[in-house]
Amino acid sequence: MGTISFSISGVLTALKKRMDPFGILIIAFVTAVGGGTLRDVLIDFPITWMRNLTFVYVIVGASVFAVIFRKKLGYIRRSLFLFDTIGIALYTIVGVEKGISADFPPIICIALGTMSAVFGGVIRDILCNEIPIIFRKEIYATACILGGVTYFLLLKTSLSENFVVIISGSVVITVRLLAVYFKLSLPTIYNKRELTEGPQP
Amino acid sequence: MGTISFSISGVLTALKKRMDPFGILIIAFVTAVGGGTLRDVLIDFPITWMRNLTFVYVIVGASVFAVIFRKKLGYIRRSLFLFDTIGIALYTIVGVEKGISADFPPIICIALGTMSAVFGGVIRDILCNEIPIIFRKEIYATACILGGVTYFLLLKTSLSENFVVIISGSVVITVRLLAVYFKLSLPTIYNKRELTEGPQP
Amino acid sequence: MGTISFSISGVLTALKKRMDPFGILIIAFVTAVGGGTLRDVLIDFPITWMRNLTFVYVIVGASVFAVIFRKKLGYIRRSLFLFDTIGIALYTIVGVEKGISADFPPIICIALGTMSAVFGGVIRDILCNEIPIIFRKEIYATACILGGVTYFLLLKTSLSENFVVIISGSVVITVRLLAVYFKLSLPTIYNKRELTEGPQP
Numbered sequence: 115m116g117t118i119s120f121s122i123s124g125v126l127t128a129l130k131k132r133m134d135p136f137g138i139l140i141i142a143f144v145t146a147v148g149g150g151t152l153r154d155v156l157i158d159f160p161i162t163w164m165r166n167l168t169f170v171y172v173i174v175g176a177s178v179f180a181v182i183f184r185k186k187l188g189y190i191r192r193s194l195f196l197f198d199t200i201g202i203a204l205y206t207i208v209g210v211e212k213g214i215s216a217d218f219p220p221i222i223c224i225a226l227g228t229m230s231a232v233f234g235g236v237i238r239d240i241l242c243n244e245i246p247i248i249f250r251k252e253i254y255a256t257a258c259i260l261g262g263v264t265y266f267l268l269l270k271t272s273l274s275e276n277f278v279v280i281i282s283g284s285v286v287i288t289v290r291l292l293a294v295y296f297k298l299s300l301p302t303i304y305n306k307r308e309l310t311e312g313p314q315p
Numbered sequence: 115m116g117t118i119s120f121s122i123s124g125v126l127t128a129l130k131k132r133m134d135p136f137g138i139l140i141i142a143f144v145t146a147v148g149g150g151t152l153r154d155v156l157i158d159f160p161i162t163w164m165r166n167l168t169f170v171y172v173i174v175g176a177s178v179f180a181v182i183f184r185k186k187l188g189y190i191r192r193s194l195f196l197f198d199t200i201g202i203a204l205y206t207i208v209g210v211e212k213g214i215s216a217d218f219p220p221i222i223c224i225a226l227g228t229m230s231a232v233f234g235g236v237i238r239d240i241l242c243n244e245i246p247i248i249f250r251k252e253i254y255a256t257a258c259i260l261g262g263v264t265y266f267l268l269l270k271t272s273l274s275e276n277f278v279v280i281i282s283g284s285v286v287i288t289v290r291l292l293a294v295y296f297k298l299s300l301p302t303i304y305n306k307r308e309l310t311e312g313p314q315p
Numbered sequence: 115m116g117t118i119s120f121s122i123s124g125v126l127t128a129l130k131k132r133m134d135p136f137g138i139l140i141i142a143f144v145t146a147v148g149g150g151t152l153r154d155v156l157i158d159f160p161i162t163w164m165r166n167l168t169f170v171y172v173i174v175g176a177s178v179f180a181v182i183f184r185k186k187l188g189y190i191r192r193s194l195f196l197f198d199t200i201g202i203a204l205y206t207i208v209g210v211e212k213g214i215s216a217d218f219p220p221i222i223c224i225a226l227g228t229m230s231a232v233f234g235g236v237i238r239d240i241l242c243n244e245i246p247i248i249f250r251k252e253i254y255a256t257a258c259i260l261g262g263v264t265y266f267l268l269l270k271t272s273l274s275e276n277f278v279v280i281i282s283g284s285v286v287i288t289v290r291l292l293a294v295y296f297k298l299s300l301p302t303i304y305n306k307r308e309l310t311e312g313p314q315p
């Protein structure tokens, strides 16, 4: 589900940038699997979508769908948003669990989970020549991090793994829904005048 | 030959952006070997140019040449274009064959071939802070994909591998030449008004 | 020390771009460890900061410090600059030595050292939607390359490894200090009129 909604989000961004079909497909692909790919490269795992073609089919299908029905996607915005929210929850948990399976410290596992959910969008924005939106006003990442923290807190209890997954996934979903509902986002910290210099490696 | 023309194309882009010699060399390098490097990272192969210095020498040589004769490159534009076209054909086939050697499914092998030929330019454009041109109006990628498909279709016949390589390479070259000759490119699909919202992971 | 000053430089850039705390942290992180991470991915080494949390703590600490005291960083600019200069010297040498330990040819080892010191800043600039500053007017990379060359020249002498490290590190520091003192940078080579066309892979 995450894959579908991420692909559609990629298609929409690519359409806004007036890309051709090849560009649209690449952006859809990158949005959907970019985060997981970066994660797998960093932890030296084989890359899922290169062996399991289901991802490829889903992304191509969702992209074709999004291009054809692009004028009508407004009507299913609510479903897309739900897909998306459930999607990041799943991506986060997959990332955290991959990290655990390779014996990384908890803080890195949480980072890997967040990366899986969030960096597809970052790469999409870079390819579209934008500052990644998530760095500016989204609470996406915060939801993933809180979900990841919950995962590790619960892991220390006697709860079964299924429960741990369900509860920490729900945390991601709830935080995201609340944030959007109340229009919360992290505040930006800046001050024009002061920022003129500094080392630039 | 691809390496030479890709390096020169990198140098020209870097010059347009008023880069210094270090920047020019990096952009030339990235244009020439970026696609293959990304491919090798994704499939966990050792990276060719790090062990085989021929690439390094060719890129440095081509870059120095391009900087010195930058005012006269117009005269050899046709040769450069030919180099370039033959180059993407070779890159595509190398990519496809690496994919096959690691037992990836055909669709992924074709993607790897296309990536080898095309992503150097994508990384170049990102480093130069442009939307990759190939996502907007080039038929580059289509030529590579068709060549890759031809490769797999012919592989099922009883043709010798050499023939398969030659024919599918020729497909890439022919499609590219025809596209440029007839000024073909993929149409862009867009519609300003409709695209205002959507999930943004 | 490099990690500290790189993180602070990342924070400052992110603040200029009005990012939120998540964005700031990511940019700090990428600036500090991006070069080394890219290097490790290319040579297929495990990534240091994912196993050794010291980096994570230092980066988070330096970022929090930089955000809190952002108005006062001007007063410690000189120390930051020194940290930074010593930092790139250390990063360069670590990169060179990793390359040697994996038996890469000298030219590639020097490239790996330079990459470690310099590409964190490149990735930072890409994420902030800027053309990497180092490609335009910095002598950063030149200092690293000269340090790397010194390393290999000295390696052929009978000097102990410690001396080799100290001298080649000093070369990086000296070149950088002289360049900044005399406001040296590589000249840009360009010529507006001539650069209109060329192959674009």
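Heads up: the protein sequence lines correspond to chains A, B and C, in order.
All residue numbers for the first sequence refer to this note's numbering, where the first residue is 115 and numbers rise by one.
All residue numbers for the second sequence refer to this note's numbering, where the first residue is 115 and numbers rise by one.
All residue numbers for the third sequence refer to this note's numbering, where the first residue is 115 and numbers rise by one.
Where is the CB? At the ideal position from N, CA and C, for every residue including glycine.
Remember, predicted model here, so these are calculated numbers, not experimental data.
If you run the structure through DSSP and keep just helix, strand and coil, what is residue i?
i, result
"C/L291", "helix"
"B/A257", "helix"
"A/I182", "helix"
"B/F120", "helix"
"A/N276", "helix"
"B/F249", "helix"
"C/K130", "helix"
"A/T264", "helix"
"C/F296", "coil"
"A/F169", "helix"
"B/Q314", "The predicted position of B/Q314 is uncertain, since its pLDDT is 38 and thus under 50; a value taken from the coordinates is nonetheless stated next. Residue state, collapsed to three classes: coil."
"B/R307", "Confidence at B/R307 is low in this model, with a pLDDT of 39, below 50, so the placement of that residue should be treated as unreliable; the coordinate-derived value is given next. If DSSP states are grouped into helix, strand and coil, B/R307 belongs with coil."
"A/V125", "helix"
Where do the ends of the alpha helix (DSSP H) carrying residue i lie?
i, result
"A/S215", "R191 to S215"
"A/L152", "P135 to L156"
"A/L226", "P220 to L241"
"C/T162", "T162 to R165"
Can you find a C-beta in chain A that's less than 8 Å from the C-beta of residue i?
i, result
"C/L167", "yes"
"B/I122", "no"
"B/T256", "yes"
"B/I118", "no"
"B/I245", "yes"
Is the shortest distance between the beta-carbon of residue i and the beta-carbons of chain C less than 8 Å?
i, result
"B/F136", "yes"
"A/L139", "no"
"A/P160", "no"
"B/V155", "yes"
"A/I202", "no"
Report back the beta-carbon spacing between residue i and residue j to the nearest angstrom; my notes put them in contact at under 8 Å.
i, j, result
"B/I202", "B/V263", "Rounded, the Cβ-Cβ distance is 15 Å, inconsistent with contact."
"A/K212", "A/R153", "7 Å"
"B/G235", "B/T145", "6 Å"
"B/I141", "B/L241", "6 Å"
"C/T199", "C/C258", "Between C/C258 and C/T199 the Cβ distance is about 11 Å, and since that is not below 8 Å, they are no contact."
"C/N243", "B/N243", "7 Å"
Counting only beta-carbon separations shorter than 8 Å, does residue i have a partner in chain B?
i, result
"A/K270", "no"
"C/F249", "yes"
"A/R132", "yes"
"C/I280", "no"
Original post:
Which residues, taken in chain order from the stretch 224-243 of chain B, show a beta carbon closer than 7 Å to some beta carbon of chain A?
Top reply: Residues are counted here when their Cβ sits less than 7 Å from a Cβ of chain A; for the stretch 224-243 of chain B these are I240 and N243, given in chain order.
Original post:
Which residues, in chain order, does the stretch 183-194 of chain A contribute to contact with chain B at a C-beta distance below 8 Å?
Top reply: Residues passing the 8 Å Cβ filter: R184, K185, L187, G188, R191 and L194.
**OP:** Output, in sequence order along the chain, the residues in the stretch 169-182 of chain A whose CB is closer than 8 Å to any CB in chain B.
**Re:** V170 and V181
Subject >> Chain-ordered residues of the stretch 206-221 of chain B with a beta carbon less than 7 Å from chain C >> reply: Of all residues in the stretch 206-221 of chain B, none has a Cβ within less than 7 Å of some Cβ in chain C.
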